[in-house]
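From first to last, the protein sequence lines stand for chains P and V.
Those letters in the first sequence? Residues 1 to 348, per full-length UniProt numbering, in order.
Those letters in the second sequence? Residues 1 to 309, per full-length UniProt numbering, in order.
Glycine included, every Cβ here is placed at the ideal spot set by N, Cα and C.
Values in this document were obtained by computation on a predicted structure and should not be read as measured data.
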Amino acid sequence: MASVEFKSITKRYDALDVLNDVDISISDGEFVVFVGPSGCGKSTLLRMLAGLEPITAGSISISSEVVNALPPRDRDIAMVFQNYALYPHMSVGHNIGFPLRMVGTPKPEIERRVSEAAEMLGLTPYLARLPRELSGGQRQRVAMGRAVVREPSVFLFDEPLSNLDASLRVRMRGEIKRLHQRLGTTMIYVTHDQIEAMTLADRIVVLRGGKVEQIGTPLELYNSPASPFVAQFIGSPAMNIFEGTMDDECFVRITETRIALGTRPSGISSGAPLLVGIRPHDVALGDPGRGTLSGELQLVEEMGNARLLTIQVGGTSVQIETQHQIALLPGATVHLTMPPEKLHIFPK
Amino acid sequence: MTSVKHAFRRSSAISVLFDGPAFPFIMILPALLMLGFVIGLPMLEAVRLSFDSIALRRPAAAGTYGVHNYLRLVADPKAYAALGFSALYMVGTVIGSVGMALTAALLTRRVIWFSGLARVAFLLPWTVPAVVTALIWGVMYDGNFGVINRLLDFVPFIDGQNWLIERQTALPALIVAQVWNEFPVAYIFFLAGLKAIPDELYEAARIDRANAFQQFRHITLPHLRFIIAVIVILLMIMGFKSFPIIFILTGGGPAGATETLTVLTYNAAFRSLDFSYAATLGILAVLASAMLVLGYLRLLPRTGHGDVM
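Spelled out as structure tokens, the structure:
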């Protein structure tokens with residue numbers, strides 16, 4: 001078990017800054033997920049921690065020891081790759097035992113630890129098979145077995161579920177979570193899928209364009225996003241964002257409508273442009289009146305337990321999620337009420 | 001609709017040809033005929049010749065058929081010696097070429113400075129005709145003014161040699177020239193094989209605490225196994241039937257020390273003018289190389305568990 005610290009990490013390829021002055025501190029036993037869109041630098045950050053990418057500037061420490069100059073083999077980490085990176089010519093048993101064989105662990109010990117790992121991951125019947133004879137989920141488990149058998153101080157996962165189909169992904173997600181609960185080892189997990197991030201993480205690091213956008217628990221990120229980017233990235237369907245202006249004391253103007261705010265946001269002067277966010281399930285359909293936005297219903301998507309409506313309000317496409325049955329047809333005019341306490345205000 | 005369908009239906013005779021089990025054979029028939037004509041016929045002619053008695057020094061014996069050439073071969077010590085030299089030459093060139101090619105491919109695998117230039121340099125010997133290779137190495141091996149002896153002047157404890165004239169050094173010297181000429185064939189195969197190994201496997205191995213040698217042993221070699229097997233067969237055949245470099249550099253000398261089966265065959269045909277005996281030696285060469293290759297194939301483990309391919 002170990003803590004991990006990224007201090008002022010910068011990564012540059014020629015003139016391109018991939019990561020810029022990143023500071024992240026991860027405590028012992030924590031499950032931290034790096035999430036962000038493609039090209040945000042999350043995988044690079046993980047690979048730098050693994051020792052697979054050189055660090056341009058800054059320092060990385062594992063258990064308070066700076067590891068910048070250490071090769072991967074001396075960092076006491078294990079990694080699960082996106083494409084599994086199983087050795088295709090070795091049986092499942094040999095794949096799992098490979099890290100132990102490389103350091104001359106005695107054979108009986110290897111056998112014991114491989115069979116323990118296989119037992120834990122339900123791989124015992126497949127130990128003699130080759131990776132190509134396994135399904136995607138089984139291969140993923142072998143890759144996890146190869147990491148588990150090491151008993152490393154930090155586990156690294158680089159988008160491990162992105163090659164699996166949706167239902168298997170949900171199942172494997174659960175297995176990874178259980179693994180963390182059982183081992184209690186520090187885990188760092190990279191994904192572009194915010195649902196994976198929300199369900200797995202103790203804390204989430206949102207990265208964008210090589211910079212940390214926000215760090216916090218899943219609920220902190222969901223309830224108090226620090227920026228419109230985080231607001232839209234976390235949560236599904238994504239938060240609606242309107243452009244508006246601060247009207248006077250406690251009102252915001254969106255299109256022609258004045259909407260009351262519960263409290264006046266600090267640091268925003270009257271007349272200042274701002275962005276107003278609201279989650280789709282916080283918007284309600286209502287009657288025309290003061291403080292409601294009008295728009296044209298464009299699309300109704302049935303989801304079984306709820307309905308997702310797409311409504312055009314001025315120049316903004318708004319999604320709302322409602323539990324009520326809807327008798328309206330596309331083209332109808334609808335009125336939206338937005339409770340002031342559910343609004344997220346971001347300076348523009 | 002029915003008439004349209006009918007129009008596209010093939011006549012039954014054509015459908016037997018194109019849809020029946022004979023179709024693959026029909027497709028390869030032209031190639032088979034061509035190969036039969038350019039390879040099969042000369043081989044048959046060589047077999048016939050080996051049973052005949054065509055020797056320009058005994059023209060009267062022509063047309064006398066029998067196994068006399070084979071009886072002579074069995075009793076010919078020069079043929080046994082030639083078989084031995086050919087085998088040595090083959091083993092030497094295979095080991096040398098595979099070792100050299102693998103080293104070169106590993107060195108130029110990753111893009112480093114001048115790697116493009118290095119690759120071209122490694123491929124260059126392949127473009128040099130064997131005859132020119134022989135002439136170049138002939139000059140380099142020269143005892144008096146050859147560059148090799150000149151360079152050895154700077155090396156303590158090793159004296160210059162008459163490389164192609166000494167019995168002990170002639171065969172190894174020929175092998176070195178042959179390796180220089182043919183290793184690029186193996187190099188280009190190995191380079192392609194190395195490029196096909198995913199980088200991720202090496203990354204996983206580095207994280208799994210494998211050192212450079214362990215990475216080579218557990219990842220590179222298993223992935224190249226199939227390519228190495230193919231290359232070795234190719235090089236075995238190339239080595240066994242090699243002729244121009246040996247013929248030009250030593251002509252089989254000194255005192256028969258490099259007289260491989262191909263050189264002996266040449267000498268029998270064009271020096272002794274005994275074409276039937278030369279054909280018999282040729283048949284021996286074909287049988288010997290075929291047996292060597294088949295024996296090697298038997299040594300290879302079968303594809304299955306534990307194989308990449």
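Cβ neighbours of T265/V in the same chain (closer than 8 Å, five flanking residues each side left out) | As a working mapping, residue 265/V is identified with position 265 in the second sequence. Within the same chain, T265/V has close Cβ partners A278, L281, G282, A285.
Distance, R72/V Cα to S272/V Cα = For this step, residue 272/V is matched to residue 272 along the second sequence. For this step, residue 72/V is matched to residue 72 along the second sequence. Spanning the two alpha carbons is a distance of roughly 15 Å.
Using a Cβ-Cβ distance under 9 Å, would P222/V count as near chain P?
-> Here residue 222/V is taken as the residue at index 222 of the second sequence, counted from 1. Answer yes: the Cβ-Cβ gap between P222/V and chain P drops below 9 Å somewhere.
Alpha carbon to alpha carbon, what distance is there between R182/P and T263/P?
-> As a first step, residue 263/P must be located in the first sequence, where it is residue number 263. As a first step, residue 182/P must be located in the first sequence, where it is residue number 182. Approximately 45 Å between the Cα atoms of the pair.
Between H192/P and K42/P, is the Cβ-Cβ spacing less than 9 Å?
-> Walking along the first sequence from the start, residue 192/P turns up at place 192. Walking along the first sequence from the start, residue 42/P turns up at place 42. Yes, they are a contact pair.
Select from the stretch 205-217 of chain V all residues with a C-beta closer than 9 Å to any C-beta belonging to chain P, and list them in chain order.
-> A205, R206, I207, D208, R209, A210, N211, Q214
Count the other CB atoms, across all protein chains shown, that sit within 10 Å of the CB of P152/P; report buried if there are 16 or more and exposed otherwise.
-> For the purposes of this step, residue 152/P is identified with residue 152 of the first sequence, where counting begins at 1. Result: buried.
Kindly indicate which three-state DSSP category N240/P falls into: helix, strand or coil?
-> As a first step, residue 240/P is located in the first sequence; it is residue number 240 there, counting from the start. Reduced to three states, the DSSP call for N240/P is strand.
Just the Cα atoms here: how many angstroms apart are V308/V and M303/P?
-> Walking along the second sequence from the start, residue 308/V turns up at place 308. Walking along the first sequence from the start, residue 303/P turns up at place 303. Note on V308/V: pLDDT 40, under 50, position unreliable in the model; no value is reported.
According to DSSP, what are the bridge partners of M246/P?
-> Numbered from 1 along the first sequence, position 246 holds the residue referred to as residue 246/P. DSSP output for M246/P lists V252/P as bridge partner(s).
By Cβ distance, which residues of its chain are closer than 7 Å to P244/V, with the 5 residues on each side in sequence left out?
-> On the second sequence, residue 244/V is found 244 positions in, with the first residue counted as 1. So the list reads A130, V131, A134, once near-sequence residues are dropped.
Span of the alpha helix (DSSP H), counted from its first residue to its last, around V103/P | Along the first sequence, read from residue 1 onward, the residue named residue 103/P stands at position 103. Looking at the DSSP string, V103/P is not in any alpha helix (DSSP H), and its letter there is neither H nor E.
So is P172/V in contact with chain P if we call contact Cβ pairs under 9 Å?
-> Here residue 172/V is taken as the residue at index 172 of the second sequence, counted from 1. No, because no Cβ of chain P sits closer than 9 Å to the Cβ of P172/V.
Contacting residues, own chain, Cβ-Cβ under 6 Å from F51/V (five flanking each side not counted) | For this step, residue 51/V is matched to residue 51 along the second sequence. Within the same chain, F51/V has close Cβ partners Y65.
T56/P versus F6/P - alpha carbon distance | Your numbering for residue 56/P matches position 56 in the first sequence. Your numbering for residue 6/P matches position 6 in the first sequence. Those two C-alpha atoms are separated by around 13 Å.
Quick one: what does DSSP say S276/V is sitting in, helix, strand or coil?
-> If you number the second sequence from 1, residue 276/V lands on position 276. Helix.
Which chain P residues sit within Cβ distance under 7 Å of L194/V?
-> The residue labelled residue 194/V in the question sits at position 194 within the second sequence. The premise fails here: L194/V is roughly 15 Å from chain P at the closest Cβ pair, so nothing lies under 7 Å.
Near R169/P, which residues of its chain fall below 7 Å by C-beta distance, leaving aside the five closest residues on each side in sequence?
-> Here the question's residue 169/P lines up with position 169 in the first sequence. Excluding positions up to five away in sequence, the list reads L161.
Does DSSP put Y87/P in a helix, in a strand, or in coil?
-> By 1-based counting over the first sequence, the position of residue 87/P is 87. Coil, per DSSP.
In terms of alpha-carbon separation, which member of F98/P, P72/P, V66/P lies closest to R47/P?
-> Residue numbering aside, residue 47/P sits at position 47 when the first sequence is read from its first letter. Measuring from the Cα of R47/P, the nearest candidate turns out to be P72/P.
Contacting positions in the stretch 241-254 of chain V - beta carbon closer than 7 Å to chain P | none
Assigned exposure category for F155/P - 16 Cβ within 10 Å defines buried | Residue mapping note: residue 155/P aligns to position 155 of the first sequence, counting from 1. A residue is called buried when at least 16 other Cβ atoms come within 10 angstroms of its Cβ; F155/P meets this threshold and is buried.
In angstroms with no decimal places, state the Cα-to-Cα distance between S317/P and T310/P.
-> Position 317 of the first sequence, counted from the start, is the residue given in the question as residue 317/P. Position 310 of the first sequence, counted from the start, is the residue given in the question as residue 310/P. C-alpha separation (whole angstroms): 7 Å.
Which ranges would you report for the alpha helix (DSSP H) in the stretch 156-189 of chain P if only whole runs of at least 4 residues count?
-> 166-183
Shortest alpha-carbon distance to E213/P belongs to which of P131/P, S3/P, A231/P?
-> Reading the first sequence from its first residue, position 213 is the one you call residue 213/P. Between E213/P and the set P131/P, S3/P, A231/P, the nearest pair of CA atoms involves A231/P.
Can you grab the Cα-Cα spacing for the pair R101/P / F242/P, in whole Å?
-> Along the first sequence, one-based indexing puts residue 101/P at 101. Along the first sequence, one-based indexing puts residue 242/P at 242. Taking the straight line from one Cα to the other gives about 58 Å.
Would I345/P pass as a contact of I254/P if the rule is Cβ separation under 9 Å?
-> As a first step, residue 345/P is located in the first sequence; it is residue number 345 there, counting from the start. As a first step, residue 254/P is located in the first sequence; it is residue number 254 there, counting from the start. It is not a contact, given that the beta carbons lie outside the stated cut-off.
Please state if the CB of P254/V and the CB of R167/V are separated by a distance shorter than 9 Å.
-> One-based indexing of the second sequence puts residue 167/V at position 167. One-based indexing of the second sequence puts residue 254/V at position 254. A distance below 9 Å separates the beta carbons of R167/V and P254/V.
Starting from the Cα of H324/P, find the closest Cα among D165/P, E175/P, V283/P and give me that residue.
-> Position 324 of the first sequence, counted from the start, is the residue given in the question as residue 324/P. Among D165/P, E175/P, V283/P, the Cα nearest to that of H324/P is on V283/P.
Give the range of the beta strand (DSSP E) segment to which T310/P is assigned.
-> Mapped onto the first sequence, residue 310/P falls at position 310. Where T310/P is concerned, the enclosing beta strand (DSSP E) stretches over 307-313.
Output yes or no for whether 9 Å exceeds the beta carbon distance between V22/P and K211/P.
-> Numbered from 1 along the first sequence, position 22 holds the residue referred to as residue 22/P. Numbered from 1 along the first sequence, position 211 holds the residue referred to as residue 211/P. In this structure, V22/P places its C-beta atom within 9 Å of the C-beta atom of K211/P.
Would N69/V pass as a contact of S276/V if the rule is Cβ separation under 9 Å?
-> As a first step, residue 69/V must be located in the second sequence, where it is residue number 69. As a first step, residue 276/V must be located in the second sequence, where it is residue number 276. A contact, by the Cβ cut-off of 9 Å.
Considering only residues of the same chain and omitting the five flanking positions on each side of A61/V, which have a CB-CB separation below 7 Å?
-> For the purposes of this step, residue 61/V is taken as residue 61 along the second sequence, with counting starting at 1. Closer than 7 Å at Cβ, skipping near neighbours: S53, A55.
On the three-state DSSP scale, how would you describe F6/P?
-> Sequence index remark: in the first sequence, residue 6/P carries index 6 (1-based). Residue state, collapsed to three classes: strand.
Beta-carbon proximity of L261/P to P347/P, cut-off 9 Å = Counting from one through the first sequence, the residue named residue 261/P turns up at place 261. Counting from one through the first sequence, the residue named residue 347/P turns up at place 347. Against a cut-off of 9 Å, the Cβ pair of P347/P and L261/P comes out as no contact.
Could you give the distance in angstroms between the alpha-carbon of E53/P and the alpha-carbon of N20/P?
-> As a first step, residue 53/P is located in the first sequence; it is residue number 53 there, counting from the start. As a first step, residue 20/P is located in the first sequence; it is residue number 20 there, counting from the start. Roughly 15 Å between the two C-alpha positions.
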